[in-house]
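**Q** What follows is a single structure, and I will ask about it in a moment.
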Amino acid sequence: MSEPWLTGPLLAPAGVTVPKGHTNIEPYLFITDAYGIYGSNWRMHSIDSTQAVNPVLILTHGLADRLDFQAALPYLFSFKNGHEYNSLGDINLLFGIQAIKSDVWPNLRITVGETFPSGRYQDLIAYRSGVDSTGAGAYQTVIGANFQKSLRLWHGRVLRTRLDFAFSTAPTVQVSGFNSYGGGFGTSGTIDPGDKYSVDLGLEFTLTQHWVPALDVVYAHQELTRFKGIAGTTATGMAATNGSTGYNLISLAPAMEYNFTPSFGVIAGAWFSVAGKGTADFTSAVIAVNYYI
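This is the structure we're talking about:
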């Protein structure tokens, strides 16, 4: 088998920067159904289902031999209990630096970026059941360490592995009314969003030059979110909930790639939770096109 043609798995980012003067264009489409919540005992409880259609355009351009720039531009359509809403999500911009480039050792791309609060997150409409929440309201600094290594196996087949470690932190956020962290009528205060950590192991195996199965195994953790201020009230007059106790989530994303050429391919699959604590139980259908120019 000749050189492998690969799009990359659904979720794990590349461990190699885009070469200077070139651009990688990758539009995604996520179609998600969140139908449960994992409690503090890791058991799932059914809730009213929320559906979302989330197109995301990811553009990565090589600025120098070991430096690239990436922009992720999301939009969100949400549906719940007969209500619907659509708006821009939180935009992410980052720089990737090639810290290690080797044919022997794993490559390492360090990323440093910022997520901007371009989505809606506060003064939400009470009767919309939260579908008009499309952002976190925070300037989030995101740091990643993306490892990548290809292994030659039997009959020329290739196993490419990616291992991504990510950390994000954000300052306090002013919130009012119903918001992405809870809230209610008369809510006014600040939220400390809590730091986030994640690990993603991405695998690709070349069955043929065109057909490539892929898999992501992801663990994500968020610290508790703390609220200070006036809690506000719900529609029933009870004290509103603001913030959360944090979460843990284990998810999988199996997929299949079809690569038409070395620079153009399509990947489609599913991303779903398998265990969690304090977070949603969900299933997403995902498709992406990868085009390198």
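So in the numbering used here, spot 256 of the sequence shown is number 276, and the numbers just go up one at a time.
Heads up, the beta-carbon is just placed ideally off N, CA and C, and yes, glycines get one too.
Tell me K169's beta-bridge partners as DSSP assigns them.
**A** Your numbering for residue 169 matches position 149 in the sequence shown. Answer is T181.
**Q** Using a threshold of 7 angstroms, is the CB atom of N310 nearer than that to any non-hydrogen atom of the ligand NAD?
**A** With respect to the ligand NAD, the structure shown offers nothing to examine, as it has no ligands at all.
**Q** Taking buried to mean at least 16 other C-beta atoms within 10 Å of its own C-beta, is Q168 buried or exposed?
**A** The residue labelled residue 168 in the question sits at position 148 within the sequence shown. By the neighbour-count rule (16 or more Cβ atoms within 10 Å), Q168 is buried.
**Q** Using only alpha-carbon positions, find the residue among F136, P75, V178 that is nearest to Y95.
**A** By one-based count along the sequence shown, residue 95 stands at place 75. Of the candidates F136, P75, V178, the one whose C-alpha sits nearest the C-alpha of Y95 is P75.
**Q** If you measure between the beta carbons of S149 and H103, is that distance less than 8 angstroms?
**A** Residue mapping note: residue 149 aligns to position 129 of the sequence shown, counting from 1. Residue mapping note: residue 103 aligns to position 83 of the sequence shown, counting from 1. Cβ atoms of S149 and H103: closer than 8 angstroms.
**Q** Can you have a look at N61 and say buried or exposed, based on whether 16 or more other CB atoms are within 10 angstroms of its CB?
**A** Within the sequence shown, numbered from 1, the residue matching residue 61 stands at position 41. The residue is exposed, with fewer than 16 neighbouring Cβ atoms inside 10 Å.
**Q** Compare the beta carbon distance of T135 and D110 with 8 angstroms and say whether it is the shorter of the two.
**A** For the purposes of this step, residue 135 is taken as the residue at position 115 of the sequence shown. For the purposes of this step, residue 110 is taken as the residue at position 90 of the sequence shown. The answer is yes: Cβ separation under 8 angstroms.
**Q** Count Cβ pairs between the region 176-192 and the region 216-228 that sit closer than 8 angstroms; are there 3 or more?
**A** Yes, they touch.
**Q** Distance, Cα to Cα, I45 vs A295?
**A** Residue 45 sits at position 25 when you count from the first residue of the sequence shown. Residue 295 sits at position 275 when you count from the first residue of the sequence shown. The alpha-carbon atoms of I45 and A295 are separated by roughly 32 angstroms.
**Q** Do T80 and V132 have their CB atoms nearer than 8 angstroms?
**A** Counting from one through the sequence shown, the residue named residue 80 turns up at place 60. Counting from one through the sequence shown, the residue named residue 132 turns up at place 112. No, the pair does not count as a contact, with Cβ atoms beyond the cut-off.
**Q** Label E224 either buried or exposed according to how many other C-beta atoms from any shown protein chain fall within 10 Å of its C-beta, with 16 as the threshold for buried.
**A** Taking the first residue of the sequence shown as 1, we reach residue 224 at position 204. Burial call: buried.
**Q** Along the chain, where does the beta strand (DSSP E) containing P274 start, and where does it finish?
**A** Translated into positions along the sequence shown, residue 274 becomes position 254. Looking at the DSSP string, the run of the beta strand (DSSP E) that includes P274 is 267-281.
**Q** How many whole angstroms separate the CB atoms of L77 and I307, which I take to be in contact at a CB cut-off of 8 angstroms?
**A** For this step, residue 77 is matched to residue 57 along the sequence shown. For this step, residue 307 is matched to residue 287 along the sequence shown. L77 to I307, Cβ: 13 angstroms. No contact.
**Q** By the 10 Å Cβ neighbour count, where 16 or more other Cβ atoms means buried, how is F280 classified, buried or exposed?
**A** Indexing the sequence shown from 1 puts residue 280 at position 260. So F280 counts as exposed.
**Q** Roughly how many whole angstroms lie between the Cα atoms of S208 and A34?
**A** Taking the first residue of the sequence shown as 1, we reach residue 208 at position 188. Taking the first residue of the sequence shown as 1, we reach residue 34 at position 14. Whole-angstrom Cα-Cα distance: 41 angstroms.
**Q** Have a look at S304, R63, I313 and flag the residue whose alpha-carbon is nearest the alpha-carbon of Q71.
**A** As a working note, residue 71 is residue 51 in the sequence shown. Minimum Cα distance to Q71 is reached at S304.
**Q** For E243, which residues of its own chain have a beta-carbon under 7 angstroms away from its beta-carbon, when the five flanking residues on both sides are left out?
**A** For this step, residue 243 is matched to residue 223 along the sequence shown. The residues are G214, D215, G266.
**Q** Taking only the alpha-carbon atoms, compute the straight-line gap between E277 and W231 and give it to the nearest angstrom.
**A** Counted from its first residue, the sequence shown places residue 277 at position 257. Counted from its first residue, the sequence shown places residue 231 at position 211. Answer to the nearest angstrom: the Cα atoms are 6 angstroms apart.
**Q** For I323, which option in D301, N310, S122 has the closest C-alpha, if you only look at C-alpha atoms?
**A** The structure shown does not extend to residue 323, since the chain is modelled only from 21 to 313, so the question has no answer here.
**Q** Beta carbon of P274, beta carbon of A290: below 8 angstroms?
**A** To locate residue 274, count along the sequence shown from 1; it is residue 254. To locate residue 290, count along the sequence shown from 1; it is residue 270. Yes, the Cβ-Cβ distance between P274 and A290 is below 8 angstroms.
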